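Trainee: What follows is a single structure, and I will ask about it in a moment.
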Amino acid sequence: MLIDNARLDWLENGLPYSSQFDDVYFSRADARGESRHVFLEANCLRERWRASSINKSSINKSAINKVRPQYVIGELGFGCGLNFLQTWRLWQQTRAEHPGLRLHYLALEKYPLRHADLTRILALWPDLEDLAAPLLAQYPEHSAGCHRLQLADDVTLDLYYGDAEARLAELVTAGQRERLKIRLKIDTWYADGFSPRQNPELWSAPLFQHLARLSATGATLSTYSVARPVRDGLRAAGFTLERLPGFANKREMLRATLCQPAAAAPVASATPWFILPAPAPVPRRALVVGAGLAGASQALSLARRGIDVTVVAAADAPPAASANRQLALRCRLFARASELAGFYLHSFLYSRRLLAAAAGDIGACWHATGVLQFADAVNKRRPLEPEALAGHYAEAVVTAADAAALSRHAGLGLGLGLGQEGLHFPLGGWVEGERLCAALLAHPRIRLQRGAAVAELQSHMKSHTESHAPGWRLLDSHGTVLAEAEAVILANGAGVNAFTPTGTLPLETVRGQTTLIPETPASAALATVVCGERTVFPAHEGVHTLAASYHRHDARTAATADEDRDNLERARRVFAAPQVLSAQPTGNWVALRANTPDRNPLLGQVPDFPAMAQRYRTLARDATTTFAEPGVYLPGLYINAAHGSNGLATAPFASEILASLLCHEQPPVSQSVLDLLNPVRFLIRELKRQQSADESV
Ligand code: SAM
516 MLIDNARLDW LENGLPYSSQ FDDVYFSRAD ARGESRHVFL EANCLRERWR
566 ASSINKSSIN KSAINKVRPQ YVIGELGFGC GLNFLQTWRL WQQTRAEHPG
616 LRLHYLALEK YPLRHADLTR ILALWPDLED LAAPLLAQYP EHSAGCHRLQ
666 LADDVTLDLY YGDAEARLAE LVTAGQRERL KIRLKIDTWY ADGFSPRQNP
716 ELWSAPLFQH LARLSATGAT LSTYSVARPV RDGLRAAGFT LERLPGFANK
766 REMLRATLCQ PAAAAPVASA TPWFILPAPA PVPRRALVVG AGLAGASQAL
816 SLARRGIDVT VVAAADAPPA ASANRQLALR CRLFARASEL AGFYLHSFLY
866 SRRLLAAAAG DIGACWHATG VLQFADAVNK RRPLEPEALA GHYAEAVVTA
916 ADAAALSRHA GLGLGLGLGQ EGLHFPLGGW VEGERLCAAL LAHPRIRLQR
966 GAAVAELQSH MKSHTESHAP GWRLLDSHGT VLAEAEAVIL ANGAGVNAFT
1016 PTGTLPLETV RGQTTLIPET PASAALATVV CGERTVFPAH EGVHTLAASY
1066 HRHDARTAAT ADEDRDNLER ARRVFAAPQV LSAQPTGNWV ALRANTPDRN
1116 PLLGQVPDFP AMAQRYRTLA RDATTTFAEP GVYLPGLYIN AAHGSNGLAT
1166 APFASEILAS LLCHEQPPVS QSVLDLLNPV RFLIRELKRQ QSADESV
């Protein structure tokens, strides 16, 4: 998950030079002019945005109506982001010509510039400062994988860090693409690697094959290079080439068009149950059940895409951890790098960007204090080895530190033994949970309907002919319809077990009691969140939150004095001098968390469990059986739940992933991550387990 940064030299005229590739990042003569000529104008962006806006909204009039379609640009080599900023500027200037269109810009970069270098380079163009500033505010200089930057409601930048060919190969495999009618359809490619002679790997034939596979019909690619290997590779991938006049003293440049993308050959899948049906039309309206962090962030991700969202929440819903007075943002760590570790890392980074870059109420909930964690805070029997984590986590995410260094960060002596190490998350911090949920729901397209509890879901097909969209009704316990829409997202934690389609999901409820204590003159010095046997938060309005007890399979909501005592005792052990904390609880609060057996959330379309159990029943006799039939899923029904104690880190990113799926966009994670979170995983594991149980008889 680590990544190398670019190694730069600076030329006498102040321009950056790559010492790795022995090449310039942009034209010495007129960088802006060349970028405009080779990429923006050669791809006729302005005209195509206008045409896309007209075509996409008229073709899908009935289905997508006000929902904004998107124009997708892919770039090989993000570099200094000059092409991106100029594209964004043109987008802004021409917005009135493409109403409702959204820009999705995916850029691949193997050696990201350091933040300080990028800042210095972007200062070369003061007239782009208004766009460079929000980019720099979110720009990551570390960690492989996809960093999604939401720069405006209509501009999303996905920075894919890593080797371009490897990242493109992960986007979606050919067979799945065929089945899924997948999402990623690039309209325009910018091929802007260093020159093919200096950097042949960014111009290779296999890479061009990926570009063709991921392109929309009529996609164009432009580049300043007319070198032979570039022309041959593009032609072999199915592009038709034109030579256009080059910029300034360059005679020629290339424009390539993909008139007919090659049909992807279906590939037999070893895990057919994860193959989703062709997506339903993008919904105009959606219902979200649950108004905690999962529900609120899901509603926001959909509303930003132009979907009208009603969030339905029971007036007397059991208290959720989302509403805690103070909630910590930290990254769930793994001893080894893996797809799952990548999901948790990017979830954490996404939440941090969402909170730290937000203006208004969302930003006001965020306290960027950093978080400290004892190595055995999460798992006593298998404490994390801080040194080993450095092999796959960037220092910007987490660093190991000894007791003295951690105590300096905390502002108080910590109760770590001599030589014991702990962890520091410099990007961590905390939020006011309830206030954050309210701020996320404040988008003008979101309506909160608080009242009767949803008791059941009912599927119906729309009767009017212009749309065959699926539909769902939410019913209360008397069978009265509370609301209906084309899409429903269940985001009410363990409450999903109350509904027939999701009644068999293996969810457990974990009870957690937090205790409040007044600050003392000594404890007021606490400057960061500290996670030991309990998590202790810096005082807020004179009160510290101590979180939380952890009782599995317990849904009781009454607080107990015993738990307050236990919380206090464990919280006091976090500090070298326990008496810094007041021993007099002044309040408490019980919240219920939902967890799955593998401790990972449930995210995606809801499987038709009885149909899946029937289709794959032979797995219970022979777990190696192969199947041709893809999974069976309920049209229009989705789930985003079971974020356990980690919802602040995972719910916003999970919501983005799900919103991308609903809107036929490329989600910011690979297919393998979608599979790891797919709710059908438990049914398949259970069927396979039955086989091993039979064998052992
Ligand atoms: N488009 C950039 C801009 O507008 O500022 C300039 C790009 S610069 C000429 C080329 C970029 O390609 C460099 O940032 C380099 O690190 C990146 N690069 C080189 N090889 C790569 C690879 N195999 N995969 C992804 N990016 C690569």
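For the sequence shown, this note's numbering assigns the number 516 to the initial residue and increments by one for each residue that follows.
Each residue gets a CB set at the ideal place from its N, CA and C atoms; glycine is no exception.
Bear in mind the structure is a predicted one, so any value in this text is a computation, not a measurement.
Whose C-beta lies closer than 7 Å to the C-beta of Ala905 among residues of the same chain, with five residues either side of it excluded?
Mentor: Within the same chain, Ala905 has close Cβ partners Ala915.
Trainee: Could you give the C-beta distance for Ala1006 and Ala809, rounded to a whole number, given that I count them as a contact under 8 Å?
Mentor: That belief holds up - the Cβ atoms of Ala1006 and Ala809 are roughly 4 Å apart, short of 8 Å.
Trainee: Roughly how many angstroms lie between the CA atoms of Arg551 and Asn598, to the nearest whole one?
Mentor: One C-alpha to the other measures close to 8 Å.
Trainee: Measuring from the CB of Ala679, is there a heavy atom of the ligand SAM at a distance below 7 Å?
Mentor: Ala679: yes, Cβ under 7 Å from the ligand SAM.
Trainee: At a cut-off of 7 Å, would you count Gly596 as near the ligand SAM, judging by its Cβ distance to the nearest heavy atom?
Mentor: Within the cutoff, so yes.
Trainee: I want to know whether the region 1009-1026 touches the region 1116-1133 - three or more CB-CB distances under 8 Å.
Mentor: Short answer: they touch.
Trainee: Excluding the five sequence neighbours on either side, which residues of its own chain have a C-beta within less than 6 Å of the C-beta of Ser1175, listed in chain order?
Mentor: Contacts found: Pro1182.
Trainee: Is Lys765 near the ligand SAM, going by C-beta to nearest heavy atom under 7 Å?
Mentor: False, no ligand heavy atom lies under 7 Å from that Cβ.
Trainee: So is the beta-carbon of Gly592 under 7 Å away from any non-hydrogen atom of the ligand SAM?
Mentor: Checking every heavy atom of the ligand SAM against the Cβ of Gly592, one is found closer than 7 Å.
Trainee: Beta carbon of Asn714: closer than 7 Å to some heavy atom of the ligand SAM?
Mentor: Yes.
Trainee: Comparing the CB of Ala638 with every heavy atom of the ligand SAM, is any distance shorter than 7 Å?
Mentor: The answer is no for Ala638.
Trainee: Consult DSSP for Ser577 and reduce its assignment to one of helix, strand or coil.
Mentor: Legend: pLDDT at Ser577 = 42, less than 50; position of this residue unreliable, value from coordinates given subsequently. Ser577: helix per DSSP, three-state reduction.
Trainee: Using DSSP with H/G/I as helix, E/B as strand and the rest coil, what is Gly690?
Mentor: Note on Gly690: pLDDT 41, under 50, position unreliable in the model; the coordinate value appears next. Three-state result, Gly690: helix.
Trainee: Verify the contact flag: Asp707, CB atom, against every heavy atom of the ligand SAM, threshold strictly below 7 Å.
Mentor: Yes, the beta carbon of Asp707 sits closer than 7 Å to at least one heavy atom of the ligand SAM.
Trainee: Grab me the residues of Glu549's own chain with a C-beta within less than 6 Å of its C-beta, minus the 5 sequence neighbours each way, in chain order.
Mentor: If we look at Glu549 and ignore the five residues flanking it on each side, its Cβ neighbours are Ser542, Phe762.
Trainee: Alpha carbon to alpha carbon, how far is Gln841 from Arg851?
Mentor: Approximately 30 Å between the Cα atoms of the pair.
Trainee: Would you report the Cα separation of Gln1099 and Leu674, rounded to the nearest angstrom?
Mentor: Straight-line Cα distance between these residues: approximately 49 Å.
Trainee: Do Ala659 and the ligand SAM come close, with the Cβ less than 7 Å from some heavy atom?
Mentor: For the ligand SAM, not one heavy atom lies less than 7 Å from the Cβ of Ala659.
Trainee: Locate the alpha helix (DSSP H) running through Glu1084, then write down its first and last residues.
Mentor: From DSSP, the alpha helix (DSSP H) with Glu1084 extends over 1076-1087.
Trainee: For the ligand SAM, any of its heavy atoms closer than 7 Å to the Cβ of Lys1203?
Mentor: Not under cutoff, so the answer is no.
Trainee: Is the beta carbon of Leu1085 less than 8 Å from the beta carbon of Glu1048?
Mentor: Position check: residue 1085 holds Arg in this sequence, whereas Leu was assumed. Contact: yes.
Trainee: Name the two residues that bound the continuous alpha helix (DSSP H) containing Glu902.
Mentor: Its alpha helix (DSSP H) spans residues 901-904.
Trainee: Regarding Ala521 and the ligand SAM, is the C-beta to nearest heavy atom distance less than 7 Å?
Mentor: Flag set: Cβ of Ala521 near the ligand SAM.
Trainee: With H, G and I counted as helix, E and B as strand and the rest as coil, what does DSSP make of Leu526?
Mentor: Three-state DSSP puts Leu526 in coil, outside helix and strand.
Trainee: Relative to the alpha-carbon of Ser1187, which residue among Ile701, Pro721, Trp788 has its alpha-carbon at the smallest distance?
Mentor: Of Ile701, Pro721, Trp788, the residue nearest in Cα terms is Trp788.
Trainee: Check whether the region 854-868 touches the region 920-933, counting contact only when three or more Cβ pairs, one atom from each stretch, lie closer than 8 Å.
Mentor: The region 854-868, when compared against the region 920-933, does not touch it at the 8 Å Cβ threshold.
Trainee: Whole beta strand (DSSP E) runs in the region 1114-1197 with 3 or more residues, listed along the chain?
Mentor: Counting whole runs of 3 or more residues, the region 1114-1197 contains the beta strand (DSSP E) stretches 1117-1122, 1148-1156.
Trainee: Sorry if obvious, but does the Cβ on Tyr739 come closer than 7 Å to a heavy atom of the ligand SAM?
Mentor: Tyr739: no, Cβ never under 7 Å from the ligand SAM.
Trainee: Assess contact between the region 938-954 and the region 868-886, defined as three or more Cβ pairs (one per stretch) separated by less than 8 Å. Is contact present?
Mentor: A contact exists between the region 938-954 and the region 868-886.
Trainee: So is the beta-carbon of Glu624 under 7 Å away from any non-hydrogen atom of the ligand SAM?
Mentor: For the ligand SAM, at least one heavy atom lies less than 7 Å from the Cβ of Glu624.
Trainee: Which residues does DSSP list as the beta-bridge partners of Thr671?
Mentor: Answer is His619, Gln665, bridged to Thr671.
Trainee: Using only the alpha-carbon positions, how far apart do Phe723 and Phe554 sit?
Mentor: Taking the straight line joining both Cα atoms gives about 17 Å.
Trainee: In the DSSP assignment, what are the bridge partners of Cys1046?
Mentor: Answer is Gln888, Thr1050.
Trainee: Looking at Val670 and Leu591, is the spacing between their C-beta atoms short of 8 Å?
Mentor: Taking 8 Å as the Cβ cut-off, Leu591 and Val670 do not qualify as a contacting pair.
Trainee: Identify the continuous alpha helix (DSSP H) that holds Phe599 and give its terminal residues.
Mentor: Residues 597-608.
Trainee: Going by C-alpha distance, which of Asp1137, Val803, Ser1038 is nearest Glu1001?
Mentor: Glu1001 has its Cα closest to that of Val803, out of Asp1137, Val803, Ser1038.
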